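Engineer:
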Amino acid sequence: MTYLIVFTSIIFIIYCYKINKFKRKISSPQIFKPIENNTVPISVIIAVKNGANSLLSLIKCLKNQTYSGVLEFIIVDDESNDDTYKIIKNIENEDSRFKYTSSFNGNNILSFKKKALDAGIKFASHEWLLFTDVDCRPHKNWVKEMAEFFTNNADYVVGLSSTIPSETKVSLFQSVDFQMLMGATIAQCNIRKPWACTGQNQAYRKSLFNKVGGFKYISNLLQGDDSVFMQICRHNNANIVIALTKNVMIARTENSWWSFLKQRMRWAGDSKYMLKLCPNFFLMSLITFLTNLLIFTLLILGHINFFIMCLIIKVGFEAKFYQSLTSTPILKNNNYENFILWSLLQIPYIILMGTISLWSHQLFGWDKSKN
68 MTYLIVFTSI IFIIYCYKIN KFKRKISSPQ IFKPIENNTV PISVIIAVKN GANSLLSLIK
128 CLKNQTYSGV LEFIIVDDES NDDTYKIIKN IENEDSRFKY TSSFNGNNIL SFKKKALDAG
188 IKFASHEWLL FTDVDCRPHK NWVKEMAEFF TNNADYVVGL SSTIPSETKV SLFQSVDFQM
248 LMGATIAQCN IRKPWACTGQ NQAYRKSLFN KVGGFKYISN LLQGDDSVFM QICRHNNANI
308 VIALTKNVMI ARTENSWWSF LKQRMRWAGD SKYMLKLCPN FFLMSLITFL TNLLIFTLLI
368 LGHINFFIMC LIIKVGFEAK FYQSLTSTPI LKNNNYENFI LWSLLQIPYI ILMGTISLWS
428 HQLFGWDKSK N
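Each residue of the sequence shown is one higher than the one before, counting from 68 in this note's numbering.
1. With Gln269 and Val201 assumed to form a contact (beta carbons below 8 Å), what rounded beta-carbon distance in angstroms separates them?
2. Below 7 Å CB to CB, which residues in the same chain sit around Val315 once its five sequence neighbours on both sides are set aside?
3. Count the CB pairs spanning the stretch 406 to 422 and the stretch 356 to 364 that are closer than 8 Å, and state whether there are at least three.
4. Output the distance between the C-alpha atoms of Lys127 and Phe282, rounded to the nearest integer angstrom.
5. So Phe363 and Ala386 are supposed to be a Cβ contact under 8 Å. How far apart are they, rounded?
6. Can you give me the start and stop residues for the alpha helix (DSSP H) that Trp262 sits inside?
7. So, are the CB atoms of Gln241 and Thr320 less than 8 Å apart?
8. Suppose only complete runs of 4+ residues qualify. What are the alpha helix (DSSP H) ranges in the stretch 278 to 344, listed by chain order?
9. Helix, strand or coil, according to DSSP, for Ile158 in the structure here?
10. Are the beta-carbon atoms belonging to Phe388 and Lys90 less than 8 Å from one another?
11. Can you find the residues in the same chain that come closer than 6 Å, C-beta to C-beta, to Lys435, ignoring five residues on each side of it along the sequence?
12. Which residues in the same chain have their Cβ closer than 7 Å to the Cβ of Phe373, if we skip the five residues on either side of it in sequence?
13. Between the C-alpha atoms of Phe140 and Gln413, what's the straight-line distance to the nearest angstrom?
14. Looking only at C-alpha atoms, which of Asn104, Lys88, Leu177 sits nearest to Ala257?
15. If you draw a straight line from the C-alpha of Ile80 to the C-alpha of Thr355, how long is it?
16. Could you please give the first and the last residue of the uninterrupted beta strand (DSSP E) stretch that includes Val224?
17. Locate the alpha helix (DSSP H) running through Phe240, then write down its first and last residues.
18. What are the boundary residues of the alpha helix (DSSP H) that Asp185 is part of?
19. If I measure Cβ to Cβ from Thr133 and keep anything under 6 Å in the same chain, skipping five residues before and after, which residues do I get?
20. At the level of alpha carbons, what is the spacing between Asn175 and Ile307?
21. So what's Lys100 in DSSP terms, helix, strand or just coil?
22. Can you tell me which residues form a DSSP beta bridge with Ala114?
23. Give me, in chain order, the residues of the same chain whose beta-carbon lies closer than 7 Å to that of Thr235; leave out the 5 immediate sequence neighbours on both sides.
24. Compute the Euclidean distance between the alpha carbons of Leu289 and Thr312, then round it to the nearest angstrom.
25. Rounded to the nearest angstrom, what separates Leu350 and Lys166 at their Cα positions?
26. Assign Ile77 to buried or exposed, taking buried as 16 or more other Cβ atoms, counted over all protein chains shown, within 10 Å of its Cβ.
27. According to DSSP, what are the bridge partners of Trp195?
28. Considering only the alpha carbon of each residue, which of Phe217, Val237, Cys264 lies closest to Leu248?
29. For Phe171, which of helix, strand or coil comes out of DSSP?
30. Kindly indicate which residue of Ser135, Ile112, Gln390 has the alpha-carbon position closest to the one of Leu125.
31. On the criterion of 16 or more Cβ atoms from any shown chain inside 10 Å, does Ile158 qualify as buried, or is it exposed?
32. Tell me which same chain residues have a C-beta within less than 8 Å of the C-beta of Ile154, skipping the five on either side of it?
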(Lines of atoms letter the chains of each structure in order from A; the text may use other names.)
(Lines give C-alpha, C1' and ligand atoms only; values in the text may rest on other atoms or scores of the structure.)
Protein backbone atom coordinates (compact mmCIF):
# COMPACT_ATOMS: atom_id res chain seq x y z
CA MET A 68 0.00 0.00 0.00
CA THR A 69 2.96 2.32 0.64
CA TYR A 70 3.90 2.10 -3.05
CA LEU A 71 0.35 3.08 -4.02
CA ILE A 72 0.44 6.13 -1.74
CA VAL A 73 3.84 7.22 -3.04
CA PHE A 74 2.90 6.70 -6.71
CA THR A 75 -0.43 8.50 -6.22
CA SER A 76 1.34 11.40 -4.55
CA ILE A 77 3.82 11.79 -7.43
CA ILE A 78 1.15 11.67 -10.14
CA PHE A 79 -1.09 13.96 -8.12
CA ILE A 80 1.65 16.59 -7.67
CA ILE A 81 2.41 16.56 -11.41
CA TYR A 82 -1.30 16.97 -12.22
CA CYS A 83 -1.76 19.93 -9.86
CA TYR A 84 1.43 21.54 -11.18
CA LYS A 85 0.14 21.25 -14.77
CA ILE A 86 -3.28 22.70 -13.89
CA ASN A 87 -1.64 25.63 -12.13
CA LYS A 88 0.58 26.15 -15.16
CA PHE A 89 -2.51 26.31 -17.39
CA LYS A 90 -3.92 29.01 -15.11
CA ARG A 91 -0.80 31.11 -15.48
CA LYS A 92 -0.67 30.63 -19.26
CA ILE A 93 -4.25 31.87 -19.65
CA SER A 94 -3.09 35.40 -18.87
CA SER A 95 0.00 35.22 -21.10
CA PRO A 96 -0.09 38.11 -23.59
CA GLN A 97 -0.75 37.19 -27.21
CA ILE A 98 2.07 38.05 -29.60
CA PHE A 99 -0.24 37.82 -32.60
CA LYS A 100 -2.31 40.91 -33.37
CA PRO A 101 -5.54 40.60 -35.41
CA ILE A 102 -6.53 43.01 -38.20
CA GLU A 103 -9.88 44.73 -37.69
CA ASN A 104 -12.35 44.78 -40.61
CA ASN A 105 -10.26 42.36 -42.63
CA THR A 106 -12.04 41.43 -45.89
CA VAL A 107 -10.03 38.52 -47.28
CA PRO A 108 -12.10 36.12 -49.47
CA ILE A 109 -13.27 33.09 -47.46
CA SER A 110 -14.72 29.66 -48.20
CA VAL A 111 -16.86 28.27 -45.37
CA ILE A 112 -17.08 24.47 -45.50
CA ILE A 113 -19.60 22.26 -43.71
CA ALA A 114 -19.76 18.46 -44.07
CA VAL A 115 -23.29 17.12 -43.53
CA LYS A 116 -24.43 13.55 -43.05
CA ASN A 117 -28.19 13.19 -42.55
CA GLY A 118 -28.34 16.67 -41.09
CA ALA A 119 -31.72 17.80 -42.40
CA ASN A 120 -33.05 18.48 -38.90
CA SER A 121 -30.23 20.95 -38.17
CA LEU A 122 -29.33 22.30 -41.60
CA LEU A 123 -32.08 24.93 -41.95
CA SER A 124 -31.10 26.54 -38.64
CA LEU A 125 -27.45 26.63 -39.66
CA ILE A 126 -28.29 28.11 -43.07
CA LYS A 127 -30.24 30.89 -41.35
CA CYS A 128 -27.18 31.72 -39.22
CA LEU A 129 -24.92 31.71 -42.28
CA LYS A 130 -27.25 33.93 -44.31
CA ASN A 131 -27.19 36.49 -41.49
CA GLN A 132 -23.39 36.83 -41.40
CA THR A 133 -22.27 40.46 -41.30
CA TYR A 134 -18.98 39.86 -43.10
CA SER A 135 -18.50 42.37 -45.94
CA GLY A 136 -15.81 40.45 -47.83
CA VAL A 137 -16.24 37.84 -50.58
CA LEU A 138 -17.80 34.75 -49.06
CA GLU A 139 -18.98 31.32 -50.20
CA PHE A 140 -20.68 28.57 -48.21
CA ILE A 141 -19.83 25.06 -49.42
CA ILE A 142 -22.14 22.40 -48.00
CA VAL A 143 -20.91 18.86 -48.62
CA ASP A 144 -23.54 16.11 -48.67
CA ASP A 145 -21.90 13.00 -47.25
CA GLU A 146 -24.16 10.27 -48.69
CA SER A 147 -27.20 11.43 -46.72
CA ASN A 148 -30.45 9.50 -47.03
CA ASP A 149 -32.71 12.23 -45.63
CA ASP A 150 -33.66 15.64 -47.13
CA THR A 151 -30.14 17.08 -46.88
CA TYR A 152 -29.60 17.15 -50.66
CA LYS A 153 -32.96 18.83 -51.28
CA ILE A 154 -32.32 21.51 -48.66
CA ILE A 155 -28.87 22.32 -50.03
CA LYS A 156 -30.10 22.57 -53.63
CA ASN A 157 -32.99 24.83 -52.61
CA ILE A 158 -30.75 27.32 -50.83
CA GLU A 159 -28.23 27.13 -53.67
CA ASN A 160 -30.96 28.33 -56.05
CA GLU A 161 -31.99 31.13 -53.68
CA ASP A 162 -28.56 32.48 -52.66
CA SER A 163 -25.54 32.31 -54.98
CA ARG A 164 -23.15 32.23 -52.01
CA PHE A 165 -24.30 28.69 -51.17
CA LYS A 166 -22.81 25.82 -53.16
CA TYR A 167 -23.45 22.08 -53.19
CA THR A 168 -20.95 19.30 -53.58
CA SER A 169 -20.83 15.63 -52.64
CA SER A 170 -18.39 13.53 -50.64
CA PHE A 171 -18.13 11.32 -53.74
CA ASN A 172 -15.77 14.00 -55.06
CA GLY A 173 -13.38 13.47 -52.15
CA ASN A 174 -10.23 11.35 -52.22
CA ASN A 175 -11.25 7.68 -52.23
CA ILE A 176 -8.48 6.70 -49.81
CA LEU A 177 -10.14 8.82 -47.12
CA SER A 178 -12.75 7.61 -44.68
CA PHE A 179 -15.55 9.12 -42.63
CA LYS A 180 -15.85 12.90 -42.38
CA LYS A 181 -12.41 13.56 -43.87
CA LYS A 182 -13.55 12.45 -47.32
CA ALA A 183 -16.43 14.92 -47.24
CA LEU A 184 -14.16 17.74 -46.09
CA ASP A 185 -11.65 16.88 -48.80
CA ALA A 186 -14.42 17.24 -51.40
CA GLY A 187 -15.37 20.64 -49.99
CA ILE A 188 -11.77 21.85 -49.94
CA LYS A 189 -11.26 20.81 -53.57
CA PHE A 190 -14.40 22.75 -54.49
CA ALA A 191 -13.37 25.88 -52.56
CA SER A 192 -12.50 28.97 -54.58
CA HIS A 193 -10.56 30.85 -51.91
CA GLU A 194 -7.30 30.51 -49.99
CA TRP A 195 -8.79 30.80 -46.50
CA LEU A 196 -11.00 27.87 -45.45
CA LEU A 197 -13.30 28.21 -42.43
CA PHE A 198 -15.02 25.18 -40.89
CA THR A 199 -17.93 24.39 -38.62
CA ASP A 200 -20.45 21.58 -38.08
CA VAL A 201 -24.10 21.38 -39.09
CA ASP A 202 -25.32 21.28 -35.49
CA CYS A 203 -23.40 24.41 -34.47
CA ARG A 204 -24.93 27.89 -34.30
CA PRO A 205 -22.50 30.66 -35.31
CA HIS A 206 -23.03 34.23 -34.14
CA LYS A 207 -23.81 36.74 -36.91
CA ASN A 208 -20.28 38.16 -36.53
CA TRP A 209 -18.58 34.74 -36.60
CA VAL A 210 -16.94 35.07 -40.03
CA LYS A 211 -16.13 38.75 -39.46
CA GLU A 212 -14.40 38.07 -36.15
CA MET A 213 -12.52 35.00 -37.36
CA ALA A 214 -11.36 36.85 -40.50
CA GLU A 215 -9.51 39.36 -38.32
CA PHE A 216 -6.99 36.57 -37.66
CA PHE A 217 -6.55 35.64 -41.35
CA THR A 218 -3.36 37.61 -41.86
CA ASN A 219 -0.04 37.12 -43.63
CA ASN A 220 1.42 35.91 -40.33
CA ALA A 221 -1.13 33.12 -39.79
CA ASP A 222 -1.59 29.73 -41.44
CA TYR A 223 -3.96 27.97 -39.04
CA VAL A 224 -6.54 29.66 -36.79
CA VAL A 225 -7.97 27.86 -33.76
CA GLY A 226 -11.49 29.06 -32.89
CA LEU A 227 -13.39 28.76 -29.63
CA SER A 228 -16.55 26.78 -28.95
CA SER A 229 -18.97 26.47 -26.06
CA THR A 230 -22.41 25.10 -25.23
CA ILE A 231 -25.52 26.58 -23.67
CA PRO A 232 -26.59 24.22 -20.88
CA SER A 233 -30.19 23.21 -20.32
CA GLU A 234 -31.46 22.01 -16.95
CA THR A 235 -30.15 18.46 -17.40
CA LYS A 236 -27.14 17.33 -15.38
CA VAL A 237 -25.35 16.11 -18.49
CA SER A 238 -25.65 19.48 -20.24
CA LEU A 239 -24.31 21.26 -17.15
CA PHE A 240 -21.38 18.83 -17.02
CA GLN A 241 -20.77 19.23 -20.76
CA SER A 242 -20.74 23.02 -20.49
CA VAL A 243 -18.07 23.15 -17.77
CA ASP A 244 -16.05 20.37 -19.43
CA PHE A 245 -16.03 22.32 -22.69
CA GLN A 246 -14.91 25.47 -20.88
CA MET A 247 -12.04 23.63 -19.20
CA LEU A 248 -10.92 22.07 -22.49
CA MET A 249 -11.09 25.42 -24.29
CA GLY A 250 -9.17 27.00 -21.42
CA ALA A 251 -6.32 24.52 -21.87
CA THR A 252 -6.42 25.21 -25.62
CA ILE A 253 -6.08 28.96 -25.05
CA ALA A 254 -3.27 28.46 -22.54
CA GLN A 255 -1.17 26.38 -24.91
CA CYS A 256 -1.79 28.62 -27.93
CA ASN A 257 -0.83 31.67 -25.87
CA ILE A 258 2.68 30.29 -25.51
CA ARG A 259 2.76 29.12 -29.15
CA LYS A 260 2.69 25.44 -28.28
CA PRO A 261 -0.81 24.44 -29.43
CA TRP A 262 -2.13 21.07 -28.35
CA ALA A 263 -5.64 20.73 -29.70
CA CYS A 264 -8.50 22.39 -31.56
CA THR A 265 -12.06 21.61 -32.63
CA GLY A 266 -13.58 21.15 -36.08
CA GLN A 267 -16.58 23.12 -34.82
CA ASN A 268 -14.62 26.33 -35.32
CA GLN A 269 -11.27 26.37 -37.09
CA ALA A 270 -9.66 27.73 -40.23
CA TYR A 271 -6.55 27.24 -42.32
CA ARG A 272 -5.09 28.04 -45.70
CA LYS A 273 -5.89 25.86 -48.71
CA SER A 274 -2.22 26.04 -49.69
CA LEU A 275 -1.28 24.64 -46.26
CA PHE A 276 -3.74 21.76 -46.72
CA ASN A 277 -2.14 20.90 -50.07
CA LYS A 278 1.39 21.38 -48.76
CA VAL A 279 0.98 18.75 -46.03
CA GLY A 280 -0.74 16.28 -48.38
CA GLY A 281 -4.26 16.88 -47.08
CA PHE A 282 -5.63 14.08 -44.94
CA LYS A 283 -3.86 11.25 -46.76
CA TYR A 284 -1.47 10.49 -43.88
CA ILE A 285 -4.38 10.10 -41.44
CA SER A 286 -6.82 8.45 -43.83
CA ASN A 287 -7.44 5.48 -41.52
CA LEU A 288 -8.20 7.50 -38.40
CA LEU A 289 -11.65 7.75 -36.87
CA GLN A 290 -11.58 11.56 -36.79
CA GLY A 291 -8.30 13.46 -37.13
CA ASP A 292 -9.60 16.43 -39.11
CA ASP A 293 -8.95 18.87 -36.26
CA SER A 294 -6.35 18.25 -33.52
CA VAL A 295 -4.38 15.53 -35.31
CA PHE A 296 -4.35 17.46 -38.58
CA MET A 297 -3.32 20.62 -36.74
CA GLN A 298 -0.35 18.76 -35.26
CA ILE A 299 0.69 17.60 -38.73
CA CYS A 300 0.57 21.24 -39.85
CA ARG A 301 2.59 22.27 -36.79
CA HIS A 302 5.29 19.78 -37.76
CA ASN A 303 5.32 21.48 -41.17
CA ASN A 304 6.12 24.83 -39.56
CA ALA A 305 2.63 26.30 -39.86
CA ASN A 306 2.02 29.40 -37.77
CA ILE A 307 -0.93 28.48 -35.53
CA VAL A 308 -2.83 31.19 -33.65
CA ILE A 309 -5.81 31.28 -31.30
CA ALA A 310 -8.78 33.49 -32.23
CA LEU A 311 -9.88 35.15 -29.00
CA THR A 312 -13.06 36.48 -30.57
CA LYS A 313 -15.75 38.30 -28.64
CA ASN A 314 -18.32 35.64 -29.57
CA VAL A 315 -17.69 31.89 -29.51
CA MET A 316 -19.24 29.13 -31.61
CA ILE A 317 -22.27 27.56 -29.94
CA ALA A 318 -22.05 23.78 -30.26
CA ARG A 319 -24.78 21.21 -29.79
CA THR A 320 -25.96 20.66 -26.24
CA GLU A 321 -26.25 17.00 -25.31
CA ASN A 322 -29.25 16.16 -23.13
CA SER A 323 -28.60 12.47 -22.56
CA TRP A 324 -25.54 10.82 -21.07
CA TRP A 325 -25.42 8.29 -23.89
CA SER A 326 -25.28 10.92 -26.67
CA PHE A 327 -22.64 12.88 -24.73
CA LEU A 328 -20.48 9.82 -24.05
CA LYS A 329 -20.84 8.67 -27.64
CA GLN A 330 -19.59 12.04 -28.85
CA ARG A 331 -16.60 12.00 -26.51
CA MET A 332 -15.74 8.40 -27.37
CA ARG A 333 -15.37 9.47 -31.00
CA TRP A 334 -13.21 12.40 -29.94
CA ALA A 335 -10.98 10.11 -27.88
CA GLY A 336 -10.64 7.57 -30.65
CA ASP A 337 -7.48 9.06 -32.13
CA SER A 338 -5.80 10.09 -28.87
CA LYS A 339 -3.10 7.43 -29.09
CA TYR A 340 -1.84 8.97 -32.35
CA MET A 341 -1.01 12.14 -30.43
CA LEU A 342 1.82 10.28 -28.68
CA LYS A 343 3.99 10.70 -31.77
CA LEU A 344 2.64 14.05 -32.95
CA CYS A 345 2.40 15.84 -29.60
CA PRO A 346 3.96 13.86 -26.71
CA ASN A 347 3.20 16.59 -24.15
CA PHE A 348 -0.51 16.47 -24.95
CA PHE A 349 -0.53 12.70 -24.67
CA LEU A 350 1.41 12.88 -21.40
CA MET A 351 -1.10 15.33 -19.93
CA SER A 352 -3.96 13.07 -21.00
CA LEU A 353 -2.23 10.13 -19.33
CA ILE A 354 -1.53 12.11 -16.14
CA THR A 355 -5.19 13.18 -15.99
CA PHE A 356 -6.37 9.60 -16.44
CA LEU A 357 -3.99 8.24 -13.79
CA THR A 358 -4.86 11.01 -11.32
CA ASN A 359 -8.56 10.23 -11.44
CA LEU A 360 -8.00 6.47 -11.51
CA LEU A 361 -5.71 6.57 -8.46
CA ILE A 362 -8.05 8.83 -6.49
CA PHE A 363 -10.90 6.42 -7.20
CA THR A 364 -8.65 3.50 -6.19
CA LEU A 365 -7.96 5.17 -2.83
CA LEU A 366 -11.71 5.29 -2.19
CA ILE A 367 -12.25 1.66 -3.17
CA LEU A 368 -9.38 0.47 -0.99
CA GLY A 369 -10.66 2.40 2.01
CA HIS A 370 -7.95 5.08 2.29
CA ILE A 371 -10.68 7.60 3.09
CA ASN A 372 -8.58 10.32 4.72
CA PHE A 373 -6.01 10.37 1.92
CA PHE A 374 -8.82 10.22 -0.65
CA ILE A 375 -10.59 13.24 0.88
CA MET A 376 -7.34 15.21 1.11
CA CYS A 377 -6.44 14.53 -2.55
CA LEU A 378 -9.96 15.31 -3.72
CA ILE A 379 -10.08 18.65 -1.91
CA ILE A 380 -6.67 19.73 -3.22
CA LYS A 381 -7.49 18.58 -6.75
CA VAL A 382 -10.80 20.46 -6.82
CA GLY A 383 -9.06 23.52 -5.38
CA PHE A 384 -6.49 23.70 -8.19
CA GLU A 385 -9.17 23.06 -10.82
CA ALA A 386 -11.37 25.78 -9.29
CA LYS A 387 -8.57 28.35 -9.60
CA PHE A 388 -8.13 27.42 -13.25
CA TYR A 389 -11.90 27.64 -13.78
CA GLN A 390 -11.92 31.09 -12.19
CA SER A 391 -9.14 32.24 -14.53
CA LEU A 392 -11.37 31.51 -17.53
CA THR A 393 -13.47 34.59 -16.75
CA SER A 394 -10.70 36.60 -18.42
CA THR A 395 -11.46 34.79 -21.71
CA PRO A 396 -14.49 34.81 -24.06
CA ILE A 397 -15.53 31.28 -23.04
CA LEU A 398 -16.70 32.07 -19.50
CA LYS A 399 -18.69 35.24 -18.90
CA ASN A 400 -19.92 34.29 -15.42
CA ASN A 401 -18.62 31.42 -13.34
CA ASN A 402 -21.09 29.00 -11.78
CA TYR A 403 -19.48 27.06 -8.94
CA GLU A 404 -22.52 24.83 -8.47
CA ASN A 405 -22.03 23.52 -12.00
CA PHE A 406 -18.28 23.36 -11.44
CA ILE A 407 -18.65 21.17 -8.34
CA LEU A 408 -20.95 18.84 -10.29
CA TRP A 409 -18.30 18.60 -13.02
CA SER A 410 -15.39 18.09 -10.61
CA LEU A 411 -17.09 15.12 -8.91
CA LEU A 412 -18.44 13.46 -12.05
CA GLN A 413 -15.13 14.00 -13.82
CA ILE A 414 -13.51 11.14 -11.91
CA PRO A 415 -15.65 8.27 -13.24
CA TYR A 416 -15.99 10.07 -16.58
CA ILE A 417 -12.22 10.28 -17.19
CA ILE A 418 -11.72 6.65 -16.14
CA LEU A 419 -14.46 5.52 -18.53
CA MET A 420 -13.19 7.63 -21.45
CA GLY A 421 -9.59 6.57 -20.94
CA THR A 422 -10.57 2.92 -21.00
CA ILE A 423 -13.05 2.97 -23.89
CA SER A 424 -10.87 5.16 -26.12
CA LEU A 425 -8.78 2.07 -26.86
CA TRP A 426 -11.73 0.62 -28.80
CA SER A 427 -13.40 3.80 -30.09
CA HIS A 428 -12.37 3.20 -33.69
CA GLN A 429 -14.17 -0.14 -33.71
CA LEU A 430 -17.24 1.18 -31.90
CA PHE A 431 -17.87 4.47 -33.70
CA GLY A 432 -17.28 5.78 -37.19
CA TRP A 433 -18.35 9.03 -38.83
CA ASP A 434 -21.86 8.94 -37.43
CA LYS A 435 -24.09 6.79 -39.63
CA SER A 436 -27.19 8.77 -38.81
CA LYS A 437 -26.14 12.40 -38.36
CA ASN A 438 -23.27 14.84 -38.26
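Note that beta-carbon positions come from the ideal geometry of N, C-alpha and C, so glycine has one too.
Bear in mind that the values here come from a model prediction, so they are computed numbers and not experimental data.
Structural biologist: If we stick to the structure as given:
1. Locating residue 269 in the sequence shown gives position 202, counting from the first residue. Locating residue 201 in the sequence shown gives position 134, counting from the first residue. In fact, because the Cβ distance is near 15 Å, the residues do not count as touching under 8 Å.
2. For this step, residue 315 is matched to residue 248 along the sequence shown. Here the set comprises Leu227, Ser228, Ser229, Pro396, Ile397.
3. yes
4. In the sequence shown, counting from the first residue as 1, residue 127 sits at position 60. In the sequence shown, counting from the first residue as 1, residue 282 sits at position 215. If I take the Cα positions, the gap works out to 30 Å.
5. One-based indexing of the sequence shown puts residue 363 at position 296. One-based indexing of the sequence shown puts residue 386 at position 319. That belief does not hold up - the Cβ atoms of Phe363 and Ala386 are roughly 20 Å apart, past 8 Å.
6. Translated into the one-based positions of the sequence shown, residue 262 becomes position 195. Where Trp262 is concerned, there is no enclosing alpha helix (DSSP H), given that its DSSP letter is neither H nor E.
7. Here residue 241 refers to the residue found at position 174 of the sequence shown. Here residue 320 refers to the residue found at position 253 of the sequence shown. Yes, the Cβ-Cβ distance between Gln241 and Thr320 is below 8 Å.
8. 294 to 302, 324 to 335, 341 to 344
9. In the sequence shown, counting from the first residue as 1, residue 158 sits at position 91. Helix at Ile158.
10. Taking the sequence shown and counting its residues from 1, one reaches residue 388 at position 321. Taking the sequence shown and counting its residues from 1, one reaches residue 90 at position 23. Cβ atoms of Phe388 and Lys90: closer than 8 Å.
11. In the sequence shown, counting from the first residue as 1, residue 435 sits at position 368. Here Lys435 scores only 46 on pLDDT, less than 50, and its place in the model is too uncertain to base an answer on.
12. As a working mapping, residue 373 is identified with position 306 in the sequence shown. Ile72, Leu365.
13. Here the question's residue 140 lines up with position 73 in the sequence shown. Here the question's residue 413 lines up with position 346 in the sequence shown. When the Cα atoms are used, Phe140 and Gln413 turn out to be separated by approximately 38 Å.
14. Within the sequence shown, the letter at position 190 stands for residue 257. Before going on, a small fix: residue 257 reads as Asn here, not Ala. Asn257 has its Cα closest to that of Lys88, out of Asn104, Lys88, Leu177.
15. For the purposes of this step, residue 80 is taken as the residue at position 13 of the sequence shown. For the purposes of this step, residue 355 is taken as the residue at position 288 of the sequence shown. Going from the Cα of Ile80 to the Cα of Thr355 covers about 11 Å.
16. Residue 224 sits at position 157 when you count from the first residue of the sequence shown. Taken as a continuous stretch (DSSP letters only), the beta strand (DSSP E) holding Val224 covers 223 to 225.
17. In the sequence shown, counting from the first residue as 1, residue 240 sits at position 173. Residues 236 to 257.
18. As a first step, residue 185 must be located in the sequence shown, where it is residue number 118. That run of the alpha helix (DSSP H) goes 180 to 190.
19. Position 66 of the sequence shown, counted from the start, is the residue given in the question as residue 133. Cβ neighbours of Thr133 beyond the five flanking positions: Lys207, Asn208, Lys211.
20. Walking along the sequence shown from the start, residue 175 turns up at place 108. Walking along the sequence shown from the start, residue 307 turns up at place 240. The alpha-carbon atoms of Asn175 and Ile307 are separated by roughly 29 Å.
21. The residue you call residue 100 lines up with position 33 of the sequence shown. Three-state result, Lys100: coil.
22. As a working note, residue 114 is residue 47 in the sequence shown. Bridge partners of Ala114: Val143.
23. Indexing the sequence shown from 1 puts residue 235 at position 168. Answer for Thr235: Asn322, listed in chain order.
24. Counting from one through the sequence shown, the residue named residue 289 turns up at place 222. Counting from one through the sequence shown, the residue named residue 312 turns up at place 245. For Leu289 and Thr312, the distance between alpha carbons rounds to 29 Å.
25. Along the sequence shown, read from residue 1 onward, the residue named residue 350 stands at position 283. Along the sequence shown, read from residue 1 onward, the residue named residue 166 stands at position 99. Rounded to whole angstroms, the separation of the alpha carbons of Lys166 and Leu350 is 42 Å.
26. For the purposes of this step, residue 77 is identified with residue 10 of the sequence shown, where counting begins at 1. That one is exposed.
27. Counted from its first residue, the sequence shown places residue 195 at position 128. According to DSSP, which records beta bridges pairwise, Trp195 is partnered with Ile109, Arg272.
28. Taking the first residue of the sequence shown as position 1, residue 248 is located at position 181. Considering only alpha carbons, the answer is Cys264.
29. The residue you call residue 171 lines up with position 104 of the sequence shown. Helix, per DSSP.
30. By 1-based counting over the sequence shown, the position of residue 125 is 58. Nearest C-alpha to Leu125: Ile112.
31. Here residue 158 refers to the residue found at position 91 of the sequence shown. So Ile158 counts as buried.
32. Sequence index remark: in the sequence shown, residue 154 carries index 87 (1-based). Answer for Ile154: Ala119, Leu122, Leu123, Ile126, listed in chain order.
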